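See structure below.
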């Protein structure tokens, strides 16, 4: 990577020791009945302070833990989720649902303003069981705190798999996938977790919501689709019936090299509009292809899973390393791509002196691709997060202006709010605000995400 | 059909003449500015009084037009839709969006209670143009009032098709499809209009909502999915960007006969879980197969399109002829099927003396089928609607109790409310009611549909 960037003084920085960190004193004390499942231990609070965005890792490395939750709650049952939420609503405490902690958009960071008595991170990973398997309909009732491997391990003896593999698979939970409309790595037809969802059960401050298991329905707007993408602002998802597949017995892959990116784009469009629905269909530009070959030996799959580890190592060496992603219709893609590449290179040069930008497609739909951009550039140690924020703001403006969504599968969180707010129709915002007020009258659920606190 | 039912005194009843009908005097007068697009002509009012449910046709034949709208408005532009809605909100007049008028669930009937000054049926079929075609992304911007054939006729010169064929195709509109989450006749993958929707534009009492054209997005709950299935209660859809396909060049079909229905069900499940995604995959039970062969010569496609015409003729002969439909997971299908067939036969015998019930699958998903039941029985002239209401209530209880949805693609309207209300999570109802109050503060949009007025 040093060679690619033409720099030769990279230096590894150790993460700070836990004892060296200064955390604000906890502002709240859980009620006695919740003592057993609550912790104010600094290690717990730090581990629940940030997600896995570049700016989270960079701030962690500097020991800048500004918004650690006051308390971490670890409910082991849905009843305990209800109890924690009741406490939050009564005491005016912000309730931040926490699954695997892999948000890259500030979705789990207790950046909630000063109007709250404090903040509780509600860690759901203790609620992680596959409760029922329906081998006839190929579906299972699964508790929402299960991380990817924990769920798949329980499905394997049944010869079944959810087959949903976001890059965060190891460190993200079913509830997180549902709440953020996660995209798996399969590129066509059933791409988002939405497509795999039969029904959802969630705890809200006004009661428990549970939809009926259905393969399809036309009975009014879908209750599940209200919770899909709600990012913890309407309720805490506790379980869901999810569609499964039999474990694949055959796998076929092929790689094709094109003379240039534009030809590759046209070929990818042809495939996506052919009705053939390959499980995967990815396109890498020349630089993405080169850096992916250098980053990891073996298949793209191992490189895909290892990429975040590589990234963390690069951040420790002072690099600015992050990604941004969107989706746009085919007719606008060439334009968006040209504008984004130009602006990204310009702002990276301005902010970091030099750097690399790559583009690949992670998903392709008949009407458009989901392009994914990666940036690697030398950073100034201590300023990396601020440097990235500047790059991110500039490219987000271009993405929005060129007709793309501010996120295809990373979610909105707190970090995408300025562009999300402009993308979302005002009328929908009004409806969503009213729905939120009805379900969360004291406004304690993940304040600042999707809506102002 | 007389032979099938063992009756031989069928007699055709002519529809009543328009002049013989007694309509309530119009209770409202449109403002001067809307004079040009409004009509209180009895013919217009009668034509907009009911949908195309069995009970609508039966009541029409008896001349029972109890809830005719006071006025029919025919906006020719979106601006005129805004003006009509402003009038309704100001004057406390119920606003009933009307596309092709093919609702079979009382969705367009001005059965709104006495708290409204009157009711306006807003006929959108004057707003029916394909405004833009994007041949790269395979999508088009289409006005919502276009009926199926009107839209397809405009797409044909481009070599494109929306390829969405509900049985009501000839007499239903894009806006109606979107507002009711219509199902086309294709049985796998892209079954509902939801799947074909890129973005929606709608007029609400608090402003115009327009989402961004996107092939996919993970930015919060989808604004489009709030309007999909909203059945005219949140706003009036005026246009949408819809996904298209190139016109098919090949077509292959095959029919297979099974020894019994159960074996056919297992085979259909195997196909639906195979990942092969055939465009169509229908299963008919023995009686459905027999009556479909007698009902129409030629392919199932022509029989599918002609079925409603045949039905209308049978209603004129005094028969009780209607359908009900649901979706359920495979594990519960056998049970639901047995219970529904038993109860349907019992109640039909009780109410009509004799009759036929058939079952077919209209759509199949990996996790369950959408079974569709047809009933034909002799009726008592003048009592047919009441007879059917009794049958429908009984079978709906069984469908709900056996875990099915009250509707897979017919929508909720006013007629499915009792079962819809129980199916919908209370928490979702609270959120939806709040969203509706935010967008339609005076509650004039299609009162009684999905929510109480």
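Protein chains in written order, with the working numbering: chain A, 3 to 455; chain B, 3 to 455.
Yeah, the Cβ is synthetic: ideal placement off N, Cα and C, and Gly gets one too.
Keep in mind it's a predicted model, so treat the numbers as computed, not measured.
Could you spell out where the beta strand (DSSP E) holding residue i opens and where it closes?
i             : result
residue 44/A  : Note, residue 44/A: premise wrong, no beta strand (DSSP E); alpha helix (DSSP H) at 44–49.
residue 27/A  : It is not in any beta strand (DSSP E) - residue 27/A carries neither H nor E in the DSSP assignment.
residue 328/A : Careful: residue 328/A lies outside any beta strand (DSSP E) and carries neither H nor E.
residue 74/B  : 73–75
residue 228/A : Counting along the chain, residue 228/A falls outside any beta strand (DSSP E), though it belongs to the alpha helix (DSSP H) covering 225–229.
residue 130/B : Premise fails: residue 130/B is in no beta strand (DSSP E) and is neither H nor E.
residue 9/B   : It is not in any beta strand (DSSP E) - residue 9/B carries neither H nor E in the DSSP assignment.
residue 121/B : 120–125
residue 239/B : 238–245
Counting only Cβ pairs nearer than 9 Å, list the residues of chain B close to residue i.
i             : result
residue 279/A : 191, 277 and 279
residue 167/A : Those do not exist, as residue 167/A stays about 16 Å from chain B at its closest Cβ, beyond 9 Å.
Output the boundary residues of the alpha helix (DSSP H) element that contains residue i.
i             : result
residue 272/A : 263–274
residue 1/B   : Nothing about residue 1/B can be reported from this structure: the residues present for chain B run from 3 to 455 only.
residue 182/B : 176–182
residue 205/B : First-last for residue 205/B: 199–206, but that is the beta strand (DSSP E), not the alpha helix (DSSP H).
residue 156/A : 150–157
Just how far apart, CA to CA, sit residue i and residue j?
i             : j             : result
residue 299/B : residue 177/B : Its pLDDT being 47, under 50, residue 299/B is placed unreliably by the model, and nothing is read from it.
residue 239/B : residue 386/B : 34 Å
residue 390/A : residue 374/B : 56 Å
residue 198/A : residue 72/B  : 46 Å
residue 322/A : residue 13/A  : 14 Å
residue 267/A : residue 372/A : 12 Å
residue 278/B : residue 188/B : 14 Å
residue 305/A : residue 324/B : 57 Å
residue 343/B : residue 336/B : 11 Å
residue 136/A : residue 190/B : 21 Å
residue 90/B  : residue 258/A : 60 Å
residue 330/A : residue 242/A : 30 Å
residue 18/A  : residue 211/B : 49 Å
residue 33/A  : residue 69/A  : 22 Å
How about residue i: is its C-beta nearer than 8 Å to some C-beta of chain B?
i             : result
residue 446/A : no
residue 383/A : no
residue 228/A : yes
residue 12/A  : no
residue 72/A  : no
residue 299/A : Because the pLDDT of residue 299/A is 47, which lies under 50, any placement of that residue in the model is unreliable, and the question is left without a value.
residue 163/A : no
residue 430/A : yes
residue 245/A : yes
residue 369/A : yes
residue 211/A : yes
residue 434/A : yes
residue 187/A : no
residue 272/A : no
Can you pull the chain A neighbours of residue i, defined as C-beta to C-beta under 9 Å?
i             : result
residue 403/B : What residue 403/B touches in chain A: nothing, since even the nearest Cβ is about 12 Å away.
residue 320/B : Going along chain A, no residue has its Cβ under 9 Å from residue 320/B, so there is no contact; the nearest lies around 31 Å.
Any Cβ of chain A within less than 8 Å of the Cβ of residue i?
i             : result
residue 232/B : yes
residue 208/B : yes
residue 265/B : no
residue 249/B : no
residue 133/B : no
residue 285/B : no
residue 239/B : no
List the residues of chain B whose Cβ lies closer than 7 Å to the Cβ of residue i, in chain order.
i             : result
residue 138/A : 332 and 333
residue 425/A : 214 and 221
In chain A, which residues lie with their C-beta within 7 Å of the C-beta of residue i?
i             : result
residue 170/B : Neighbours of residue 170/B on chain A: none; closest Cβ ~13 Å, over 7 Å.
residue 372/B : 218
In chain B, which residues lie with their C-beta within 8 Å of the C-beta of residue i?
i             : result
residue 109/A : By Cβ distance, chain B contributes nothing, its closest Cβ being about 11 Å from residue 109/A, past 8 Å.
Identify the contact partners of residue i in chain A, using a Cβ-Cβ distance below 8 Å as the criterion.
i             : result
residue 412/B : 220
residue 194/B : 218 and 220
Using 8 Å as the limit for Cβ to Cβ distance, is residue i near chain E?
i             : result
residue 178/B : Looking for chain E here will not work: the only protein chains present are A and B.
For the region 337–390 of chain B, list the beta strand (DSSP E) runs that are entirely contained and at least 3 residues long, ordered along the chain. 358–367 and 370–380
For the region 395–439 of chain A, which segments carrying the alpha helix (DSSP H) assignment without a break, of at least 4 residues, lie completely within its bounds, in sequence order? 419–425
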